[in-house]
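Visitor: In the numbering used here, the protein residues as written are 5 to 210.
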Amino acid sequence: MSRKTACFAMAGLTMLGSISQTAAGGRAVECYERVRTPDVYDTVYEDVMISPPSQQVDYEAPIYGARERVVPIYGARERVVMTVPAQVTYEVVPAITRTVYHTVKVDDGGYSWEWRVIHGRKVLCKVRHGARYERVAETVVIRPERTRRTVIPAQYDRIAEEVLVRPEQRRVVDIPAAYQTVARRVLVREGSSGWRRVHIPRHCQD
């Protein structure tokens, strides 16, 4: 038990004794009254965050435009664009021929036996035949058949292509936290209760 509590207890006992004596007709020598010390408060000011820090992204879409240009067949700095690619075809060129005629011996001739009627008499005769010739045609190849390779060049045309005028842009904006000063009452010291000695003339005094 603390010293302050013990004093309050003793004071309570003494007062009870005084009350008992007064009720019995005795004289009060000490008097006490109950007192209450209120709580003590103070006002403090503090910064309170009402919104946390954040980021805002501003976005601007890219801008495109049409530009017409002639695409060269050969370019050192520009990209070559073909509307129709080159093609290679193969064609068979027939042979060139000519007809040449020759006289050739088709039969060497010789002797044969045949029946003949001479002066009313039927006789078997040995007959001599001369060589037989005929005119024949011969096809001569002047130039043989060949395969001809044909290259069809690529086709280029005037085209309109989409070019990027300005790329997309993103800008990040840092938004700091927002604070607000608020007042708040805080308890500085708690109140207490106890007994206080009083002096009442002609009633409660030594």
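Glycine is no exception: its CB is placed at the ideal position from the N, C-alpha and C atoms. Predicted, not measured: the structure shown is a model, and the values here were computed from it.
Can you give the Cα-Cα distance for Cys129 and Ala141, rounded to whole angstroms?
Guide: When rounded, the distance between both Cα atoms is 37 Å.
Visitor: Quick test of your reading: Arg136 and Asp111, contact by CB under 8 Å. State the CB separation rounded to the nearest angstrom.
Guide: Arg136 to Asp111, Cβ: 4 Å. Contact.
Visitor: Helix, strand or coil, according to DSSP, for His207 in the structure here?
Guide: Residue state, collapsed to three classes: coil.
Visitor: For the region 44-61 against the region 180-190, do three or more pairs of beta-carbon atoms, one drawn from each stretch, fall closer than 8 Å, so that the two count as touching?
Guide: Yes, since at least three Cβ pairs between the region 44-61 and the region 180-190 fall closer than 8 Å, the two stretches touch.
Visitor: Where does Asp161 fall in DSSP's three states?
Guide: Coil at Asp161, not helix or strand.
Visitor: With DSSP collapsed to three states, give me the class of Gly124.
Guide: Coil, per DSSP.
Visitor: Return helix, strand or coil for Tyr105, following the three-state DSSP convention.
Guide: In the structure shown, Tyr105 sits in a strand (DSSP, three-state: E or B).
Visitor: How many Å lie between Phe171 and Asp62 at the Cα?
Guide: The sequence shown places Pro at residue 171, rather than the Phe named in the question. Spanning the two alpha carbons is a distance of roughly 14 Å.
Visitor: Does the beta-carbon distance from Val131 to Tyr115 come in below 8 Å?
Guide: It is a contact, given that the beta carbons lie within the stated cut-off.
Visitor: Judging by CA-CA distance, which residue of Pro157, Gly124, Arg201 is the nearest neighbour of Glu34?
Guide: With distances taken between Cα atoms, Glu34 lies closest to Arg201.
Visitor: Asp51 by DSSP, collapsed to three states: which one?
Guide: Here Asp51 sits in strand by DSSP.
Visitor: Give the single residue among Met53, Arg206, Val97, Val145 whose Cα lies nearest to the Cα of Val104.
Guide: Comparing Cα positions, the closest option is Val145.
Visitor: What's the C-alpha gap between Gly113 and Thr107?
Guide: Taking the straight line from one Cα to the other gives about 16 Å.
Visitor: So does the region 50-58 actually touch the region 146-166, counting three or more Cβ pairs closer than 8 Å?
Guide: At 8 Å Cβ cutoff, the stretches do not touch.
Visitor: Starting from Thr154, follow the beta strand (DSSP E) in both directions and report where the run begins and ends.
Guide: Element bounds for Thr154: 150-156.
Visitor: Thr41 lies in the beta strand (DSSP E); which residues open and close that run?
Guide: Start and end: 35-41.
Visitor: Could you tell me the boundaries of the beta strand (DSSP E) in which Gly198 lies?
Guide: Where Gly198 is concerned, the enclosing beta strand (DSSP E) stretches over 196-202.
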